[in-house]
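Numbering (this note's numbering), first residue to last: 139 to 708. Ideal Cβ positions, reconstructed from N, Cα and C, are used throughout, including at glycine. Since the structure comes first, as C-alpha coordinates, the remarks are kept for the end.
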(Lines of atoms letter the chains of each structure in order from A; the text may use other names.)
(Lines give C-alpha, C1' and ligand atoms only; values in the text may rest on other atoms or scores of the structure.)
Protein backbone atom coordinates (compact mmCIF):
# COMPACT_ATOMS: atom_id res chain seq x y z
CA UNK A 139 0.00 0.00 0.00
CA UNK A 140 1.24 3.50 -0.82
CA UNK A 141 1.45 6.35 1.67
CA UNK A 142 -1.34 8.19 -0.16
CA UNK A 143 -3.66 5.17 0.04
CA UNK A 144 -3.00 4.77 3.77
CA UNK A 145 -3.74 8.46 4.35
CA UNK A 146 -7.01 8.14 2.44
CA UNK A 147 -8.09 5.27 4.71
CA UNK A 148 -7.05 7.10 7.88
CA UNK A 149 -9.16 10.12 6.93
CA UNK A 150 -12.33 7.98 6.90
CA UNK A 151 -12.09 7.61 10.69
CA UNK A 152 -11.64 3.84 10.55
CA UNK A 153 -9.45 2.17 13.16
CA UNK A 154 -6.09 1.46 11.51
CA UNK A 155 -2.92 -0.57 12.06
CA UNK A 156 -0.18 1.30 10.18
CA UNK A 157 2.87 -0.87 9.59
CA UNK A 158 5.75 -1.52 7.20
CA UNK A 159 9.52 -1.96 7.06
CA UNK A 160 11.94 0.72 8.32
CA UNK A 161 12.00 3.54 5.77
CA UNK A 162 8.48 2.84 4.47
CA UNK A 163 7.28 6.19 5.83
CA UNK A 164 5.06 5.35 8.81
CA UNK A 165 6.05 8.53 10.66
CA UNK A 166 5.58 10.61 7.52
CA UNK A 167 2.03 9.31 7.01
CA UNK A 168 0.96 9.86 10.60
CA UNK A 169 2.43 13.38 10.57
CA UNK A 170 0.37 14.14 7.47
CA UNK A 171 -2.76 12.77 9.12
CA UNK A 172 -2.19 14.71 12.35
CA UNK A 173 -1.67 17.92 10.32
CA UNK A 174 -4.97 17.23 8.52
CA UNK A 175 -6.85 16.69 11.80
CA UNK A 176 -5.43 19.83 13.39
CA UNK A 177 -6.29 21.90 10.30
CA UNK A 178 -9.88 20.68 10.63
CA UNK A 179 -10.01 21.41 14.36
CA UNK A 180 -10.12 17.78 15.50
CA UNK A 181 -8.40 16.91 18.80
CA UNK A 182 -5.84 14.10 18.46
CA UNK A 183 -3.98 12.33 21.28
CA UNK A 184 -0.46 11.35 20.20
CA UNK A 185 1.08 8.64 22.36
CA UNK A 186 3.75 5.94 22.23
CA UNK A 187 4.80 2.90 24.23
CA UNK A 188 8.02 4.50 25.57
CA UNK A 189 9.21 7.96 26.47
CA UNK A 190 11.95 8.07 23.84
CA UNK A 191 9.50 7.02 21.11
CA UNK A 192 6.98 9.58 22.32
CA UNK A 193 9.49 12.41 21.86
CA UNK A 194 9.92 11.41 18.21
CA UNK A 195 6.25 12.03 17.46
CA UNK A 196 5.72 14.93 19.83
CA UNK A 197 3.51 13.07 22.29
CA UNK A 198 3.54 11.30 25.66
CA UNK A 199 3.57 7.69 26.81
CA UNK A 200 0.28 5.81 26.59
CA UNK A 201 0.77 4.88 30.27
CA UNK A 202 0.81 8.55 31.29
CA UNK A 203 -1.94 9.65 28.88
CA UNK A 204 -4.37 6.99 30.12
CA UNK A 205 -3.27 7.14 33.76
CA UNK A 206 -2.62 3.39 34.00
CA UNK A 207 1.05 3.72 35.01
CA UNK A 208 2.55 0.22 35.16
CA UNK A 209 -0.48 -1.52 36.57
CA UNK A 210 -0.85 -5.12 35.44
CA UNK A 211 -4.59 -4.98 36.08
CA UNK A 212 -7.26 -2.39 36.83
CA UNK A 213 -9.59 -2.79 39.79
CA UNK A 214 -12.90 -0.87 39.98
CA UNK A 215 -11.16 1.38 42.52
CA UNK A 216 -8.32 2.06 40.06
CA UNK A 217 -10.80 3.00 37.34
CA UNK A 218 -12.65 5.34 39.69
CA UNK A 219 -9.39 6.98 40.72
CA UNK A 220 -8.29 7.51 37.10
CA UNK A 221 -11.71 8.73 35.95
CA UNK A 222 -11.91 11.19 38.86
CA UNK A 223 -8.59 12.77 37.88
CA UNK A 224 -9.64 15.98 36.15
CA UNK A 225 -6.34 16.19 34.26
CA UNK A 226 -6.63 12.68 32.79
CA UNK A 227 -10.38 12.65 32.20
CA UNK A 228 -10.30 16.01 30.42
CA UNK A 229 -7.74 14.90 27.83
CA UNK A 230 -9.43 11.51 27.29
CA UNK A 231 -12.83 13.17 26.78
CA UNK A 232 -11.49 15.88 24.48
CA UNK A 233 -9.70 13.46 22.16
CA UNK A 234 -11.40 12.20 19.01
CA UNK A 235 -8.44 10.22 17.68
CA UNK A 236 -5.92 8.15 19.67
CA UNK A 237 -2.54 7.42 18.07
CA UNK A 238 -0.35 4.74 19.71
CA UNK A 239 3.17 4.44 18.25
CA UNK A 240 5.69 1.58 18.78
CA UNK A 241 2.78 -0.77 19.40
CA UNK A 242 5.04 -3.85 19.33
CA UNK A 243 6.39 -2.95 22.79
CA UNK A 244 2.94 -3.05 24.41
CA UNK A 245 1.43 -6.28 25.69
CA UNK A 246 -2.23 -7.21 25.19
CA UNK A 247 -3.05 -6.45 28.81
CA UNK A 248 -1.88 -2.84 28.47
CA UNK A 249 -4.02 -2.30 25.37
CA UNK A 250 -7.06 -3.72 27.16
CA UNK A 251 -6.50 -1.45 30.17
CA UNK A 252 -6.34 1.63 27.92
CA UNK A 253 -9.62 0.48 26.36
CA UNK A 254 -11.18 0.18 29.83
CA UNK A 255 -10.08 3.69 30.81
CA UNK A 256 -11.45 5.20 27.58
CA UNK A 257 -14.81 3.46 28.05
CA UNK A 258 -15.06 4.54 31.71
CA UNK A 259 -14.04 8.16 31.20
CA UNK A 260 -16.10 8.65 28.02
CA UNK A 261 -19.05 6.70 29.45
CA UNK A 262 -19.31 4.61 26.28
CA UNK A 263 -19.51 0.88 25.64
CA UNK A 264 -17.84 1.28 22.24
CA UNK A 265 -14.28 0.00 21.88
CA UNK A 266 -11.85 2.69 23.13
CA UNK A 267 -14.89 4.74 24.10
CA UNK A 268 -15.69 5.53 20.47
CA UNK A 269 -12.27 7.02 19.64
CA UNK A 270 -10.66 6.34 16.29
CA UNK A 271 -7.57 4.38 17.31
CA UNK A 272 -4.44 4.26 15.14
CA UNK A 273 -1.86 1.61 16.05
CA UNK A 274 1.58 2.22 14.53
CA UNK A 275 4.54 -0.10 14.57
CA UNK A 276 6.33 -3.14 13.32
CA UNK A 277 6.00 -6.45 15.13
CA UNK A 278 9.46 -7.47 13.92
CA UNK A 279 10.67 -5.13 16.66
CA UNK A 280 11.14 -6.62 20.13
CA UNK A 281 8.07 -7.80 22.06
CA UNK A 282 7.05 -6.33 25.43
CA UNK A 283 9.43 -6.67 28.37
CA UNK A 284 8.06 -8.64 31.31
CA UNK A 285 7.27 -6.41 34.28
CA UNK A 286 6.98 -7.13 37.99
CA UNK A 287 3.40 -7.43 39.18
CA UNK A 288 2.58 -4.75 41.69
CA UNK A 289 0.56 -1.59 41.78
CA UNK A 290 2.76 1.39 41.10
CA UNK A 291 2.05 4.78 39.57
CA UNK A 292 3.76 6.31 36.53
CA UNK A 293 6.83 4.09 36.22
CA UNK A 294 6.25 2.58 32.82
CA UNK A 295 9.82 1.74 31.89
CA UNK A 296 11.58 0.52 35.00
CA UNK A 297 12.21 -3.10 34.39
CA UNK A 298 14.44 -4.75 31.86
CA UNK A 299 14.67 -8.45 32.64
CA UNK A 300 16.93 -10.69 30.66
CA UNK A 301 14.37 -13.43 30.14
CA UNK A 302 12.54 -14.00 26.91
CA UNK A 303 8.97 -12.76 27.36
CA UNK A 304 5.94 -14.84 26.51
CA UNK A 305 5.13 -14.63 22.80
CA UNK A 306 1.99 -12.54 23.34
CA UNK A 307 1.51 -9.34 21.40
CA UNK A 308 -0.85 -6.37 21.19
CA UNK A 309 -2.91 -8.02 18.46
CA UNK A 310 -3.82 -10.77 20.97
CA UNK A 311 -5.77 -8.27 23.08
CA UNK A 312 -9.55 -8.33 23.21
CA UNK A 313 -9.72 -4.62 22.43
CA UNK A 314 -7.59 -5.01 19.27
CA UNK A 315 -9.93 -7.74 18.07
CA UNK A 316 -12.98 -5.60 18.88
CA UNK A 317 -11.47 -2.58 17.14
CA UNK A 318 -10.91 -4.65 13.94
CA UNK A 319 -8.30 -2.19 12.61
CA UNK A 320 -7.81 -1.93 8.86
CA UNK A 321 -4.24 -2.96 8.10
CA UNK A 322 -2.26 -0.41 6.08
CA UNK A 323 1.03 -2.14 5.24
CA UNK A 324 3.28 0.43 3.56
CA UNK A 325 5.36 -1.08 0.78
CA UNK A 326 7.13 1.97 -0.65
CA UNK A 327 10.76 2.42 0.32
CA UNK A 328 12.20 5.87 0.97
CA UNK A 329 15.70 5.00 2.12
CA UNK A 330 17.04 4.48 -1.34
CA UNK A 331 20.63 5.45 -0.54
CA UNK A 332 21.58 1.97 0.75
CA UNK A 333 19.87 -0.76 -1.24
CA UNK A 334 22.27 -3.46 -0.01
CA UNK A 335 21.48 -2.76 3.64
CA UNK A 336 17.75 -2.73 2.91
CA UNK A 337 18.03 -6.09 1.17
CA UNK A 338 19.78 -7.54 4.25
CA UNK A 339 17.03 -6.30 6.58
CA UNK A 340 14.32 -7.55 4.21
CA UNK A 341 15.95 -10.99 4.07
CA UNK A 342 15.96 -11.22 7.88
CA UNK A 343 12.25 -10.32 7.95
CA UNK A 344 11.43 -12.85 5.25
CA UNK A 345 13.44 -15.62 6.92
CA UNK A 346 15.62 -15.90 3.81
CA UNK A 347 18.88 -14.61 5.32
CA UNK A 348 21.65 -16.56 3.59
CA UNK A 349 25.18 -16.51 2.24
CA UNK A 350 24.84 -13.33 0.20
CA UNK A 351 23.47 -11.35 3.15
CA UNK A 352 26.03 -12.84 5.54
CA UNK A 353 28.73 -11.71 3.13
CA UNK A 354 27.57 -8.11 3.43
CA UNK A 355 27.35 -8.39 7.22
CA UNK A 356 30.84 -9.88 7.45
CA UNK A 357 32.32 -6.77 5.82
CA UNK A 358 31.19 -4.80 8.88
CA UNK A 359 33.09 -6.89 11.45
CA UNK A 360 35.57 -4.82 13.43
CA UNK A 361 38.47 -5.85 15.71
CA UNK A 362 38.02 -4.79 19.33
CA UNK A 363 41.12 -2.57 19.25
CA UNK A 364 39.64 -0.44 16.46
CA UNK A 365 36.43 0.44 18.30
CA UNK A 366 35.93 4.18 18.68
CA UNK A 367 35.28 5.21 22.29
CA UNK A 368 32.72 7.79 21.15
CA UNK A 369 30.47 5.40 19.23
CA UNK A 370 27.42 4.04 21.05
CA UNK A 371 27.56 0.27 21.68
CA UNK A 372 24.57 -2.06 21.72
CA UNK A 373 24.56 -5.34 23.68
CA UNK A 374 21.96 -8.00 24.44
CA UNK A 375 22.76 -8.26 28.15
CA UNK A 376 22.99 -5.72 30.96
CA UNK A 377 26.20 -7.35 32.25
CA UNK A 378 28.07 -6.44 29.04
CA UNK A 379 26.62 -2.93 29.14
CA UNK A 380 27.81 -2.43 32.73
CA UNK A 381 31.29 -3.78 31.97
CA UNK A 382 31.88 -1.42 29.04
CA UNK A 383 30.43 1.58 30.87
CA UNK A 384 32.66 1.01 33.89
CA UNK A 385 35.74 0.62 31.68
CA UNK A 386 34.97 3.87 29.86
CA UNK A 387 34.40 5.71 33.14
CA UNK A 388 37.84 4.67 34.38
CA UNK A 389 39.45 6.26 31.33
CA UNK A 390 38.27 9.72 32.40
CA UNK A 391 40.79 11.48 34.64
CA UNK A 392 38.23 13.74 36.35
CA UNK A 393 37.45 12.98 40.03
CA UNK A 394 34.63 10.58 40.87
CA UNK A 395 31.43 11.53 42.65
CA UNK A 396 29.43 8.83 44.41
CA UNK A 397 25.65 9.05 44.77
CA UNK A 398 24.28 6.24 46.98
CA UNK A 399 20.66 5.13 46.68
CA UNK A 400 18.44 5.59 49.74
CA UNK A 401 15.52 3.35 50.66
CA UNK A 402 12.58 3.06 53.05
CA UNK A 403 9.97 0.43 53.81
CA UNK A 404 9.51 -3.32 53.56
CA UNK A 405 12.89 -5.02 53.12
CA UNK A 406 11.82 -7.54 50.47
CA UNK A 407 9.97 -4.93 48.41
CA UNK A 408 12.97 -2.59 48.62
CA UNK A 409 15.20 -5.39 47.33
CA UNK A 410 12.85 -5.96 44.37
CA UNK A 411 12.74 -2.24 43.62
CA UNK A 412 16.54 -2.07 43.64
CA UNK A 413 16.81 -5.03 41.28
CA UNK A 414 14.33 -3.52 38.85
CA UNK A 415 15.60 0.06 38.94
CA UNK A 416 17.74 0.95 35.93
CA UNK A 417 19.80 3.41 38.00
CA UNK A 418 22.45 1.65 40.13
CA UNK A 419 22.55 1.52 43.93
CA UNK A 420 25.92 3.26 43.83
CA UNK A 421 25.89 5.78 40.99
CA UNK A 422 29.46 6.85 40.19
CA UNK A 423 29.80 9.86 37.90
CA UNK A 424 32.57 12.00 36.43
CA UNK A 425 32.45 15.15 34.36
CA UNK A 426 32.67 13.97 30.74
CA UNK A 427 30.73 10.75 31.31
CA UNK A 428 28.06 9.78 28.79
CA UNK A 429 24.80 9.16 30.64
CA UNK A 430 21.20 8.18 29.99
CA UNK A 431 18.09 9.22 31.91
CA UNK A 432 16.15 6.32 33.38
CA UNK A 433 12.81 7.96 34.19
CA UNK A 434 10.29 10.23 32.50
CA UNK A 435 10.26 13.86 33.62
CA UNK A 436 8.91 15.90 30.74
CA UNK A 437 8.60 19.01 32.89
CA UNK A 438 12.35 18.92 33.48
CA UNK A 439 12.95 18.25 29.78
CA UNK A 440 13.95 14.59 29.62
CA UNK A 441 12.45 11.12 29.24
CA UNK A 442 13.57 7.57 29.90
CA UNK A 443 16.18 7.08 27.18
CA UNK A 444 17.43 10.67 26.82
CA UNK A 445 21.21 10.55 26.30
CA UNK A 446 23.64 13.32 27.21
CA UNK A 447 27.05 14.20 28.63
CA UNK A 448 27.67 15.07 32.26
CA UNK A 449 29.06 18.62 32.16
CA UNK A 450 29.17 19.52 35.85
CA UNK A 451 27.51 19.59 39.24
CA UNK A 452 25.20 22.31 40.53
CA UNK A 453 26.71 24.65 43.12
CA UNK A 454 25.39 23.91 46.58
CA UNK A 455 23.22 20.85 45.85
CA UNK A 456 25.91 19.10 43.77
CA UNK A 457 23.11 17.72 41.57
CA UNK A 458 24.42 16.40 38.21
CA UNK A 459 24.08 18.69 35.18
CA UNK A 460 23.80 17.04 31.77
CA UNK A 461 23.92 18.45 28.25
CA UNK A 462 21.60 16.58 25.90
CA UNK A 463 22.24 15.97 22.22
CA UNK A 464 20.17 19.02 21.32
CA UNK A 465 22.54 21.17 23.43
CA UNK A 466 20.08 21.63 26.30
CA UNK A 467 21.51 21.71 29.84
CA UNK A 468 19.37 20.03 32.52
CA UNK A 469 19.89 19.77 36.27
CA UNK A 470 18.97 16.23 37.30
CA UNK A 471 17.24 15.99 40.67
CA UNK A 472 16.77 12.75 42.62
CA UNK A 473 13.50 10.88 42.06
CA UNK A 474 11.56 8.13 43.81
CA UNK A 475 10.52 4.63 42.78
CA UNK A 476 7.71 3.27 44.94
CA UNK A 477 5.52 0.27 45.66
CA UNK A 478 2.00 1.30 46.63
CA UNK A 479 -0.87 -0.76 47.93
CA UNK A 480 -4.33 0.70 48.51
CA UNK A 481 -2.91 4.19 48.30
CA UNK A 482 -0.19 3.54 50.92
CA UNK A 483 3.53 3.49 50.18
CA UNK A 484 4.91 0.07 51.17
CA UNK A 485 8.47 0.68 49.98
CA UNK A 486 10.47 3.32 48.15
CA UNK A 487 13.94 4.01 46.84
CA UNK A 488 15.45 7.35 45.85
CA UNK A 489 18.24 7.92 43.34
CA UNK A 490 19.27 10.25 40.54
CA UNK A 491 17.55 8.86 37.41
CA UNK A 492 20.81 8.35 35.52
CA UNK A 493 23.03 5.52 34.35
CA UNK A 494 26.23 5.43 32.31
CA UNK A 495 25.52 5.19 28.58
CA UNK A 496 28.54 4.53 26.41
CA UNK A 497 26.73 1.23 25.97
CA UNK A 498 23.02 0.36 26.20
CA UNK A 499 20.91 -2.75 25.66
CA UNK A 500 19.22 -3.50 22.35
CA UNK A 501 15.87 -3.23 24.13
CA UNK A 502 16.63 0.32 25.22
CA UNK A 503 17.75 1.31 21.70
CA UNK A 504 14.27 0.82 20.26
CA UNK A 505 12.90 4.03 18.83
CA UNK A 506 16.39 5.43 18.25
CA UNK A 507 17.82 6.29 14.84
CA UNK A 508 21.62 6.24 14.75
CA UNK A 509 24.27 7.26 12.23
CA UNK A 510 26.56 4.54 13.55
CA UNK A 511 26.82 2.00 16.36
CA UNK A 512 29.10 -0.75 17.61
CA UNK A 513 26.92 -3.86 17.89
CA UNK A 514 27.63 -7.15 19.64
CA UNK A 515 25.20 -9.89 18.57
CA UNK A 516 27.27 -12.79 19.92
CA UNK A 517 25.01 -13.23 22.95
CA UNK A 518 21.60 -12.64 21.36
CA UNK A 519 19.02 -14.67 23.29
CA UNK A 520 15.74 -13.44 21.86
CA UNK A 521 14.18 -13.58 18.39
CA UNK A 522 14.37 -10.21 16.68
CA UNK A 523 17.19 -8.70 18.75
CA UNK A 524 19.63 -8.78 15.85
CA UNK A 525 17.11 -7.24 13.47
CA UNK A 526 16.26 -4.46 15.92
CA UNK A 527 19.92 -3.66 16.59
CA UNK A 528 20.84 -3.52 12.90
CA UNK A 529 17.77 -1.50 11.92
CA UNK A 530 18.63 1.24 14.46
CA UNK A 531 21.45 2.31 12.12
CA UNK A 532 20.68 4.22 8.93
CA UNK A 533 23.34 2.71 6.66
CA UNK A 534 25.39 -0.49 6.43
CA UNK A 535 28.67 1.44 6.66
CA UNK A 536 27.50 2.85 10.01
CA UNK A 537 27.47 -0.65 11.54
CA UNK A 538 30.55 -1.96 13.37
CA UNK A 539 29.98 -5.59 14.40
CA UNK A 540 31.94 -7.27 17.17
CA UNK A 541 30.35 -10.68 16.56
CA UNK A 542 27.12 -12.66 16.20
CA UNK A 543 25.54 -16.01 16.97
CA UNK A 544 23.07 -18.23 15.12
CA UNK A 545 19.96 -16.54 16.53
CA UNK A 546 21.16 -13.04 15.64
CA UNK A 547 19.50 -13.06 12.22
CA UNK A 548 16.33 -14.94 13.14
CA UNK A 549 12.89 -13.50 13.82
CA UNK A 550 10.04 -14.91 15.88
CA UNK A 551 8.26 -17.59 13.79
CA UNK A 552 4.86 -16.37 15.01
CA UNK A 553 5.65 -12.85 13.81
CA UNK A 554 6.81 -14.06 10.39
CA UNK A 555 3.48 -15.86 10.02
CA UNK A 556 1.31 -12.98 11.25
CA UNK A 557 3.22 -10.55 9.03
CA UNK A 558 2.07 -12.46 5.96
CA UNK A 559 -1.51 -12.21 7.22
CA UNK A 560 -1.09 -8.46 7.73
CA UNK A 561 0.17 -8.11 4.14
CA UNK A 562 -2.83 -10.01 2.79
CA UNK A 563 -5.25 -7.97 4.91
CA UNK A 564 -3.64 -4.77 3.63
CA UNK A 565 -4.00 -5.89 0.01
CA UNK A 566 -7.68 -6.69 0.61
CA UNK A 567 -8.25 -3.25 2.14
CA UNK A 568 -6.49 -1.65 -0.80
CA UNK A 569 -8.68 -3.51 -3.28
CA UNK A 570 -11.82 -2.65 -1.31
CA UNK A 571 -11.11 1.08 -1.30
CA UNK A 572 -10.19 1.06 -4.99
CA UNK A 573 -13.77 -0.03 -5.73
CA UNK A 574 -15.18 3.06 -4.00
CA UNK A 575 -15.79 6.22 -6.00
CA UNK A 576 -13.87 9.39 -5.24
CA UNK A 577 -17.15 11.04 -4.21
CA UNK A 578 -17.96 8.26 -1.73
CA UNK A 579 -14.52 8.48 -0.12
CA UNK A 580 -14.69 12.28 0.15
CA UNK A 581 -18.11 11.95 1.76
CA UNK A 582 -16.65 9.53 4.33
CA UNK A 583 -13.89 12.05 5.04
CA UNK A 584 -16.39 14.88 5.55
CA UNK A 585 -18.68 12.77 7.72
CA UNK A 586 -15.85 11.78 10.06
CA UNK A 587 -14.60 15.34 10.51
CA UNK A 588 -18.16 16.54 11.10
CA UNK A 589 -18.87 13.76 13.63
CA UNK A 590 -15.64 14.71 15.43
CA UNK A 591 -16.75 18.33 15.81
CA UNK A 592 -14.36 19.63 13.17
CA UNK A 593 -14.79 21.56 9.95
CA UNK A 594 -13.68 20.12 6.62
CA UNK A 595 -12.16 23.08 4.86
CA UNK A 596 -9.51 24.23 2.44
CA UNK A 597 -8.48 26.88 5.00
CA UNK A 598 -10.45 29.84 3.67
CA UNK A 599 -8.12 32.63 4.71
CA UNK A 600 -5.23 32.91 2.25
CA UNK A 601 -2.58 33.72 4.83
CA UNK A 602 -3.78 30.86 7.03
CA UNK A 603 -3.68 28.55 4.04
CA UNK A 604 -0.12 29.59 3.24
CA UNK A 605 0.87 29.09 6.88
CA UNK A 606 -0.62 25.57 6.90
CA UNK A 607 1.07 24.74 3.60
CA UNK A 608 4.41 25.91 5.00
CA UNK A 609 3.98 23.87 8.17
CA UNK A 610 2.97 20.87 6.11
CA UNK A 611 5.94 21.14 3.72
CA UNK A 612 8.49 21.44 6.53
CA UNK A 613 7.03 18.32 8.16
CA UNK A 614 7.54 16.43 4.90
CA UNK A 615 11.17 17.55 4.85
CA UNK A 616 11.53 16.51 8.51
CA UNK A 617 10.21 13.02 7.78
CA UNK A 618 12.71 12.55 4.94
CA UNK A 619 15.50 13.97 7.11
CA UNK A 620 14.68 11.48 9.87
CA UNK A 621 14.99 8.70 7.29
CA UNK A 622 18.62 9.75 6.79
CA UNK A 623 18.32 11.48 3.41
CA UNK A 624 20.83 14.20 2.49
CA UNK A 625 19.85 17.72 1.39
CA UNK A 626 20.38 16.77 -2.26
CA UNK A 627 18.29 13.61 -1.90
CA UNK A 628 15.44 15.45 -0.16
CA UNK A 629 15.50 18.15 -2.84
CA UNK A 630 15.39 15.50 -5.58
CA UNK A 631 12.60 13.53 -3.86
CA UNK A 632 10.49 16.65 -3.33
CA UNK A 633 11.41 18.31 -6.64
CA UNK A 634 12.44 21.46 -4.77
CA UNK A 635 15.58 23.58 -4.81
CA UNK A 636 18.34 22.70 -2.35
CA UNK A 637 18.19 26.17 -0.77
CA UNK A 638 14.47 25.63 -0.06
CA UNK A 639 15.25 22.40 1.79
CA UNK A 640 18.03 24.20 3.66
CA UNK A 641 15.54 26.84 4.80
CA UNK A 642 13.31 24.03 6.10
CA UNK A 643 16.25 22.59 8.06
CA UNK A 644 16.94 26.03 9.58
CA UNK A 645 13.32 26.31 10.69
CA UNK A 646 13.24 22.77 12.07
CA UNK A 647 16.49 23.39 13.96
CA UNK A 648 15.05 26.55 15.48
CA UNK A 649 11.96 24.62 16.60
CA UNK A 650 14.26 21.92 18.05
CA UNK A 651 12.72 19.26 15.82
CA UNK A 652 16.23 18.56 14.54
CA UNK A 653 19.06 18.18 17.06
CA UNK A 654 22.25 20.19 16.57
CA UNK A 655 24.44 17.09 16.44
CA UNK A 656 22.43 15.72 13.49
CA UNK A 657 23.89 18.49 11.32
CA UNK A 658 27.28 16.78 11.22
CA UNK A 659 26.12 14.59 8.36
CA UNK A 660 25.82 17.69 6.13
CA UNK A 661 29.54 18.44 6.34
CA UNK A 662 31.93 16.58 4.05
CA UNK A 663 35.67 16.63 4.68
CA UNK A 664 36.01 19.13 1.81
CA UNK A 665 33.46 21.46 3.41
CA UNK A 666 34.74 21.18 6.97
CA UNK A 667 37.42 23.88 6.80
CA UNK A 668 35.16 26.21 4.83
CA UNK A 669 32.43 25.89 7.44
CA UNK A 670 34.90 26.58 10.23
CA UNK A 671 36.15 29.75 8.52
CA UNK A 672 32.64 31.05 7.77
CA UNK A 673 31.46 30.40 11.34
CA UNK A 674 34.44 32.43 12.58
CA UNK A 675 33.31 35.31 10.38
CA UNK A 676 29.72 35.14 11.67
CA UNK A 677 31.06 35.33 15.24
CA UNK A 678 33.54 38.08 14.41
CA UNK A 679 30.85 40.28 12.84
CA UNK A 680 28.32 39.30 15.54
CA UNK A 681 25.64 38.87 12.88
CA UNK A 682 23.32 36.27 11.39
CA UNK A 683 22.89 38.09 8.07
CA UNK A 684 24.13 36.17 5.04
CA UNK A 685 24.86 39.29 2.97
CA UNK A 686 27.16 40.82 5.59
CA UNK A 687 29.25 37.66 5.81
CA UNK A 688 29.27 37.20 2.02
CA UNK A 689 30.57 40.74 1.49
CA UNK A 690 33.05 40.54 4.36
CA UNK A 691 34.56 37.38 2.87
CA UNK A 692 34.64 39.13 -0.53
CA UNK A 693 32.59 36.47 -2.30
CA UNK A 694 35.08 33.70 -1.58
CA UNK A 695 32.26 31.39 -0.47
CA UNK A 696 28.86 30.76 -2.05
CA UNK A 697 25.56 31.73 -0.43
CA UNK A 698 24.74 28.03 -0.03
CA UNK A 699 27.98 27.46 1.88
CA UNK A 700 27.38 30.50 4.08
CA UNK A 701 23.80 29.47 4.76
CA UNK A 702 24.94 25.98 5.66
CA UNK A 703 27.61 27.39 7.98
CA UNK A 704 25.03 29.58 9.72
CA UNK A 705 23.39 26.43 11.07
CA UNK A 706 26.51 25.83 13.17
CA UNK A 707 26.67 29.30 14.70
CA UNK A 708 25.86 29.22 18.42
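- Sixteen is the threshold: since fewer than 16 other Cβ atoms of the shown chains lie within 10 Å of the Cβ of residue 344, the residue is exposed.
- Between residue 220 and residue 257, the alpha-carbon positions lie close to 12 Å from each other.
- Two segments are said to touch when three or more pairs of C-beta atoms, one from each, lie closer than 8 Å; by this definition the segment 680-691 does not touch the segment 639-651.
- Straight-line spacing of the CA atoms in residue 531 and residue 510 works out to 6 Å.
- For residue 360, same chain residues with a beta-carbon under 6 Å away, outside a window of 5 residues either side, are 538 in chain order.
- Per DSSP, the continuous alpha helix (DSSP H) segment holding residue 246 begins and ends at 246-260.
- For residue 638, DSSP records no beta bridge to any residue.
- DSSP, read as helix, strand or coil, puts residue 266 in helix.
- Going by DSSP, residue 220 is part of no beta strand (DSSP E) but of the alpha helix (DSSP H) stretching over 214-221.
- Secondary structure of residue 169 (DSSP, three-state): helix.
- Contact between residue 442 and residue 188 holds: CB atoms are separated by about 7 Å, below the 8 Å threshold.
- By DSSP's assignment, residue 431 forms a beta bridge with 492.
- A distance below 7 Å between beta-carbons, with the five flanking residues on each side excluded, links residue 457 to the following residues of its chain, in chain order: 451, 469, 470, 471.
- Looking at the DSSP output, residue 584 sits in no beta bridge, so it has no partner there.
- Out of 372, 149, 209, the CA that lies nearest to the CA of residue 504 is found in 372.
- Cβ-Cβ separation between residue 586 and residue 164: approximately 21 Å, too far for a contact (criterion under 8 Å).
- The beta carbon of residue 625 is closer than 7 Å to those of 636, 639, 640, 660 in its chain, skipping five residues each way along the sequence.
- Contact between residue 557 and residue 540 fails: their C-beta atoms lie close to 29 Å from each other, not under 8 Å.
- Here residue 554 carries a helix assignment [DSSP, helix/strand/coil].
- By a beta-carbon distance limit of 8 Å, residue 145 does not contact residue 172. Their separation comes to about 11 Å.
- For residue 368, the secondary structure class from DSSP, reduced to helix, strand or coil, is coil.
- For residue 401, the beta-bridge partners assigned by DSSP are 487.
- The beta-carbon distance between residue 255 and residue 205, rounded to whole angstroms, is 6 Å. This is short enough to meet the 8 Å contact definition.
- According to the DSSP secondary-structure assignment, residue 185 is paired through a beta bridge with 198, 238.
- For residue 391, the number of other beta carbons within 10 angstroms of its own is below 16, and it is reported as exposed.
- Cα atoms of residue 453 and residue 400: separation of roughly 22 Å, rounded to the nearest angstrom.
- Per DSSP, the continuous beta strand (DSSP E) segment holding residue 422 begins and ends at 420-423.
- When the beta-carbon positions are compared, residue 307 and residue 155 stay at least 8 Å from each other.
- For the options 496, 335, 315, the alpha carbon positioned closest to that of residue 352 is the one of 335.
- DSSP places residue 560 within a helical segment (H, G or I) once states are collapsed to three.
- At least 8 Å separates the beta-carbon of residue 326 from that of residue 631.
- Under DSSP, residue 469 takes part in a beta bridge, and its partners are 459.
- A distance of 8 Å or more separates the beta carbons of residue 209 and residue 218.
- Straight across, the Cα-Cα distance linking residue 703 with residue 646 is about 16 Å.
- CA-to-CA, the gap between residue 337 and residue 701 works out to about 36 Å.
- In the DSSP assignment, residue 446 forms a beta bridge with 429, 462.
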